[in-house]
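Q:
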Amino acid sequence: MTSMNNSASFTKTLLSTMIAACVATGAYAQSDDVEEVVVTGIKASLTNSVSVKRNSASVVDAISAEDIGKLPDTTIADSLQRVPGIQIRRNAGEGSTVNVRGMPQVSTLLNGEQFLSAGSITTAQPDFTDIPAELLSRVDVIKSAQASTLAAGVAGTIDLKTRRPFDLDSGWTFAGSAEGSQGQYTDDETGHKVSGFAGFNNGDNFGALLSVSNSKATLANFRYGMYSDWWFRGYNENGDWPGQGTPSDLTGDGDTNDQVFGTIDYGVTNRTAERERTGISGTAQFQLNDQVEFLADVFYTKMDQGDYVNGLIADNSWAQYDWVNPDLSTLVNRGPAVGGSGKDFYTSSITNLEALRVIAKGETQIDKRESLNFNLQANVELNEKLSGSVRYAHGNATNDHTGSFADALITSGMQSGLQTSYGGVKAPANPGGYGPNGERVPVVADFSGEHPSIQYPAGFGQDINSYGLVSAFSHQNRDEESTLDVFRIDGTYDFQDGVKIDFGYRFADREIERNQYDLIAPFTVKDASGNNVTVYSKWKDSGIPGVSGGDTIAKTFKFTELQDLGYIHQVSDFGPASDGNSYYFIDPKAMKNTAAFHEALYPGNVKQKDGSQSFVVGDQTQTFYFQGSFEGEAGLPYQANFGMQYVETSLDITQFIPSVDTTKVTVDGTVYPALDGVAPTIASTEVVERNFNDFLPRFNIAFDTTDDTKLRFAYSKTMTQLDANDLGLGRTYTTNNNPDLGVFQVVSASQNGNPYMEPWRADNLDLSYEWYFTESGMLSLGLFRVDVETSIATATIQIPTVPDSDGVNRRPGETIDLTTRDNTDGGVVKGMELGYQQAFDFLPGAWSGLGTTLNYTFTDGQGGEKDFYGKTMPMADNSEDQINAVLWYEYDQWQARIAYNYRSERFIGRAWNDGSPAAWWQAPTAYVDASVSYDFNDNVTVYVQGTNITEEFEETYMQWSDVVVNQNVYEARYTVGVRAKF
């Protein structure tokens, strides 16, 4: 049994002796434009970041190794959130995906070349969940690209920098770290992180290094409220669907012409993520002679993650819509929505539910990510003017996802008529469940407090005999793989009079393959005539008839039976929404091996490929660039670069076309009847080949207005390929059964991918003023504008009719509707970035160790959707305001830091609500992290870190901030560790 514990405890020893170290603190020179700075502490790391920004040939922000290593940051995204213009999303409380200036179309480089990440195989938006921060020496955020910046993103480019052996001291360098961590709600699970580093520099012509990191943690990720996203409803009073079967005055206003806001299910879940990361980075450098240097890099990441869910979900069984009764004391009339049905729309913070079904949910989702990137490079200096490099890079990444879902009933099933039928004998699907005669469960969904609570009748769910596993399934499993090969030649001719020419060629070949599948199982049942019929079903549901008038499939497994098999456990810990009771669930960890679990209960499972969600995308690009860099004086000293990229893109997209007939499935060459939900057999493939070219001019100039100030202006045209999902996802057909003809006739189609869409293109403008008043002090103000030429929206077009399920086209020459994704006019993203950084070393004594970093970002991007009042909404996933504030201290042997990150409300999307459209928002968030360390000597440091120490959680609401939809509740986590370096 899992017991509730609301506070982290450190009474037990986290780890015995821990030997540790910050991995090498040297940051290496990345190019002629960036000055090398050796990092030895917090202040020095900030000095390095300032130096990178000041000496860059374009608009760049950077985080050095000390920034990452000494902040309580587990992932790169957690550190990047402190950079102006960066917004992140979290997964189980840790930073994962990244936007730059409000846009997810961001490319990721590794040491200046495209990085193939297992977390973003099919998407453009980077996901850094699987990359250990310890492997990197620096992260650059490039906001205005140069012509020599290849594979750049639309709004920005993130360049991950690893260490170089020649930057180490001569001889051997060894370092390591070990730490233990616990969470506020997962304090019975001690996480660990262990890292090691070994580097050798012979002081002459050879060096090598190896960094290794392994971590494992269990993270709380509870979820409360309206459980299933996007199934929101506007329940009608007048008898129209969805709503009351007969007119009923739910709002007490004397009429039946209103709508009441709700959804189809409400729940409280215990959700945890178990995450294990392994990362390896290795580099070798060899200086053959004064003209030739060889370089080899390997970068490997692996992450295994299990998301485990148990919770009680009250719903309407997807059958009846007369189950919502708002509490009149909390009812608010919002009036009619602009562009809606014209009915008054009511919301309430407390809702009385008459639940048709209460599910004891068990859910397991397993992700296995792995990536390997390597780089072989020769740097050649032919003479004092001409130099260059030849480079080959290869990447391979896989992301395998499986999911297993077990829905047990605590209700009988009779509330919605769910019954088993064997040999003509019918019975409730869960005979021991609540309401044997169909009585509904009175449930109170109370959203009026800090956290939603779902209240059940006294004693509900306390008897294991009332539980039965009625439905299980495994769907939307997927195997994703991508390979990347890059060959490039870069050259520089330095005229040595302030003029330099850069030029190069790059060939890149990338292939992305996505295969999605469901597990379907055979069931042999009796038809109405008593004959055996074998059917295949994805939904292993004991209440589903195998054939019309025949027996139902599967069986209901009593929990007492499953308990003997080791599948059942009890849970009482639901975080701050716990009600003091313990409930029974399928143990989600018993489903870690998805195939084995389903085979044990439902033998004969096979993988059924979902063609509409599978594809192969080939992407080849050839890039030529030419760039001139100039230094001089035109009233003021200046540094400038101007150049052009020419990019030739070839796409090869393979889509899998499913059969129109969804009633049959072919297994091992035999055709069987298929029940609803089984992906249709793939009928054919369609290959689209496309080519297009882009000219991308770029210009950057910086004026030294004084010795300590710079004025920058930049223009760049950028292009980034669409997500592979947007190109490759295929088509499904909607059919209606025509019993007179005995066929399923095609009436419409939908397609989530469109191989003919154009890539993202944008024109970017930057203007900034920077004042470097000390070596580590800076004040900067930047303005930016991103004019997006093309965007993506859902559109409905007409396509020719296709054959029905029997292969006959009954309406040749006519058309049907196809709902698809297509390009639309882009918009404008504009904003401001304000940054301030200073060490207060002018203060006396110990006060001189204080320093601060502050920044504010305003990002405005208008979307196309309207809210309840007809107001145009901003672009999705963007917050207009972001604030970062860091106060740090470094004096003698002590270092400390506290970091605050605020992100204003984020627009998620527009919910239709059955005729009362409204804007769905995430509420503002404010996260606080802190760390303290003490140096015992030059070699050994101990530290304590805390993340999310104010116990922030994420909450969403529908249009009005008091109309809470759901919450994701993370935990405060605390870490104790030791570092050492020898």
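With the first letter of the sequence shown counted as 1, position 114 gets the number 363 in our numbering; the numbers rise by one all the way through.
We put the CB at the ideal spot given by N, CA and C, even for glycine.
Thinking just about the alpha-carbon of each residue, which of 458, 483, 731 is nearest to the one in residue 546?
A: Within the sequence shown, numbered from 1, the residue matching residue 546 stands at position 297. The residue with the shortest Cα to Cα distance from residue 546 is 458.
Q: Where residue 934 and residue 906 are concerned, what is the direct C-alpha to C-alpha distance, given to the nearest angstrom?
A: In the sequence shown, the residue the question calls residue 934 occupies position 685. In the sequence shown, the residue the question calls residue 906 occupies position 657. Between residue 934 and residue 906, the C-alpha separation is close to 5 Å.
Q: Measuring alpha carbon to alpha carbon, tell me which of 371, 360, 419 ends up nearest residue 390.
A: Here residue 390 is taken as the residue at index 141 of the sequence shown, counted from 1. Out of 371, 360, 419, 360 has the C-alpha closest to the C-alpha of residue 390.
Q: Have a look at 1053, 793, 837, 637 and flag the residue whose alpha-carbon is nearest the alpha-carbon of residue 982.
A: Here residue 982 is taken as the residue at index 733 of the sequence shown, counted from 1. Of the listed residues, the one whose Cα sits closest to residue 982 is 1053.
Q: According to DSSP, residue 997 sits in a beta bridge with which residue or residues?
A: In the sequence shown, residue 997 corresponds to position 748, counting from 1. Paired residues: 983, 1066.
Q: Can you have a look at residue 1009 and say buried or exposed, based on whether 16 or more other CB atoms are within 10 angstroms of its CB?
A: Counting from 1 along the sequence shown, the entry for residue 1009 is found at position 760. With 16 or more Cβ atoms within 10 Å of its Cβ, residue 1009 is classed as buried.
Q: What's the C-alpha gap between residue 762 and residue 864?
A: Here residue 762 refers to the residue found at position 513 when the sequence shown is read from its first residue. Here residue 864 refers to the residue found at position 615 when the sequence shown is read from its first residue. Between residue 762 and residue 864, the C-alpha separation is close to 6 Å.
Q: Would you mind listing the alpha helix (DSSP H) stretches within the region 803-885 that are 4+ residues and don't spill past its ends, in chain order?
A: For the region 803-885, whole alpha helix (DSSP H) runs of length 4 or above, ordered along the chain, are 808-813, 843-850.
Q: If you draw a straight line from the C-alpha of residue 890 to the C-alpha of residue 403, how long is it?
A: Here residue 890 refers to the residue found at position 641 when the sequence shown is read from its first residue. Here residue 403 refers to the residue found at position 154 when the sequence shown is read from its first residue. Taken atom to atom, the span from the alpha-carbon of residue 890 to that of residue 403 is near 19 Å.
Q: With distance defined between alpha-carbon atoms, name the residue in 1144, 722, 500, 887 nearest to residue 844.
A: Here residue 844 is taken as the residue at index 595 of the sequence shown, counted from 1. Looking at 1144, 722, 500, 887, the one whose alpha-carbon comes closest to that of residue 844 is 722.
Q: For the 8 Å Cβ check, are there 3 or more pairs between the region 355-375 and the region 635-652?
A: yes
Q: Would you kindly report the start and end of the unbroken beta strand (DSSP E) that includes residue 726?
A: Your numbering for residue 726 matches position 477 in the sequence shown. It spans 726-743 - the beta strand (DSSP E) in which residue 726 sits, taken as one unbroken run.
Q: Ordered along the chain, which non-local residues of its own chain (more than five positions away) have a Cβ less than 7 Å from that of residue 885?
A: In the sequence shown, residue 885 corresponds to position 636, counting from 1. Excluding positions up to five away in sequence, the list reads 952, 953, 954.
Q: Nearest by alpha-carbon distance to residue 1197: which of 755, 1223, 948 is it?
A: Counted from its first residue, the sequence shown places residue 1197 at position 948. Out of 755, 1223, 948, the CA that lies nearest to the CA of residue 1197 is found in 1223.
Q: What residues are listed by DSSP as bridge partners for residue 922?
A: Numbered from its first residue, the sequence shown carries residue 922 at position 673. BP columns for residue 922 point to 913.
Q: Just verifying my parser: in three-state terms, what is the DSSP assignment at residue 1175?
A: Residue mapping note: residue 1175 aligns to position 926 of the sequence shown, counting from 1. In the structure shown, residue 1175 sits in a strand (DSSP, three-state: E or B).
Q: Give a yes or no on whether the C-beta atoms belonging to residue 575 and residue 517 are separated by under 8 Å.
A: Mapped onto the sequence shown, residue 575 falls at position 326. Mapped onto the sequence shown, residue 517 falls at position 268. For residue 575 and residue 517, no; Cβs fall outside 8 Å.
Q: Grab me the residues of residue 363's own chain with a C-beta within less than 6 Å of its C-beta, minus the 5 sequence neighbours each way, in chain order.
A: Indexing the sequence shown from 1 puts residue 363 at position 114. 400.
Q: Let me confirm a value: residue 1046 is counted as buried when at least 16 other C-beta atoms fall within 10 Å, else exposed. Which label applies?
A: Mapped onto the sequence shown, residue 1046 falls at position 797. Flag for residue 1046 reads exposed.
Q: What residues in its chain sit with their C-beta under 7 Å from that of residue 340, if we drop five residues either side in the sequence?
A: Start at 1 with the first residue of the sequence shown, and residue 340 comes out as number 91. Excluding residues within five positions, the ones whose Cβ falls inside 7 Å are 378.
Q: Apply the 10 Å Cβ neighbour rule to residue 656 and answer buried if 16 or more other Cβ atoms are within range, or exposed otherwise.
A: Here residue 656 is taken as the residue at index 407 of the sequence shown, counted from 1. Buried, because 16 or more other Cβ atoms sit within 10 Å of the Cβ of residue 656.
Q: From the DSSP output, read off the bridge partner residues of residue 1229.
A: Position 980 of the sequence shown holds residue 1229. Looking at the DSSP assignment, residue 1229 forms a beta bridge with 425, 1189.
Q: Would you kindly check if the distance between the Cβ of residue 809 and the Cβ of residue 679 is under 8 Å?
A: Here residue 679 refers to the residue found at position 430 when the sequence shown is read from its first residue. Here residue 809 refers to the residue found at position 560 when the sequence shown is read from its first residue. No; because the gap between Cβ atoms is not below 8 Å, this pair is not in contact.
Q: Give the list of continuous beta strand (DSSP E) stretches no shorter than 3 residues that lie fully inside the region 619-679.
A: 635-658, 668-671, 674-677
Q: Which residue comes first and which comes last in the alpha helix (DSSP H) that contains residue 296?
A: Position 47 of the sequence shown, counted from the start, is the residue given in the question as residue 296. From DSSP, the alpha helix (DSSP H) with residue 296 extends over 291-304.
Q: Measuring alpha carbon to alpha carbon, tell me which of 425, 1177, 913 ends up nearest residue 1228.
A: Taking the sequence shown and counting its residues from 1, one reaches residue 1228 at position 979. It is 425 whose Cα lies nearest to the Cα of residue 1228.
Q: Based on DSSP bridge pairs, tell me the residues matched to residue 459.
A: If you number the sequence shown from 1, residue 459 lands on position 210. Bridge partners of residue 459 according to DSSP: 447, 531.
Q: If you count every other CB in all the chains shown that lies within 10 Å of the CB of residue 1063, and 16 or more means buried, which is it?
A: Indexing the sequence shown from 1 puts residue 1063 at position 814. Residue 1063 is exposed by the Cβ-count criterion.
Q: Using 8 Å as the Cβ pair cut-off and three pairs as the minimum, do the region 435-452 and the region 482-493 touch?
A: no
Q: Which one or two residues does DSSP pair with residue 1137 in a beta bridge?
A: Counting from 1 along the sequence shown, the entry for residue 1137 is found at position 888. Paired residues: 1100, 1146.
Q: Does DSSP put residue 486 in a helix, in a strand, or in coil?
A: Locating residue 486 in the sequence shown gives position 237, counting from the first residue. Looking at residue 486 - three-state DSSP - the assignment turns out to be coil, as it is neither helix nor strand.
Q: How about residue 501 and residue 577: do their beta carbons lie closer than 8 Å?
A: Start at 1 with the first residue of the sequence shown, and residue 501 comes out as number 252. Start at 1 with the first residue of the sequence shown, and residue 577 comes out as number 328. Against a cut-off of 8 Å, the Cβ pair of residue 577 and residue 501 comes out as a contact.
Q: Just curious, the alpha helix (DSSP H) that residue 1013 is in, first and last residue?
A: In the sequence shown, the residue the question calls residue 1013 occupies position 764. Run containing residue 1013: none in the alpha helix (DSSP H); it sits in the beta strand (DSSP E), 1009-1020.
Q: Could you name the residues of the same chain whose beta carbon sits closer than 6 Å to that of residue 343, not counting the 5 residues immediately before and after it, in chain order?
A: For the purposes of this step, residue 343 is taken as the residue at position 94 of the sequence shown. Contacts found: 323, 324.
Q: Helix or strand or just coil, what does DSSP make of residue 367?
A: Locating residue 367 in the sequence shown gives position 118, where the first residue counts as 1. Residue state, collapsed to three classes: helix.
Q: Which same chain residues, not among the five before or five after residue 1150, have their C-beta less than 6 Å away from its C-beta?
A: Residue numbering aside, residue 1150 sits at position 901 when the sequence shown is read from its first letter. Excluding sequence neighbours, residue 1150 sits near 330, 1133, 1176.
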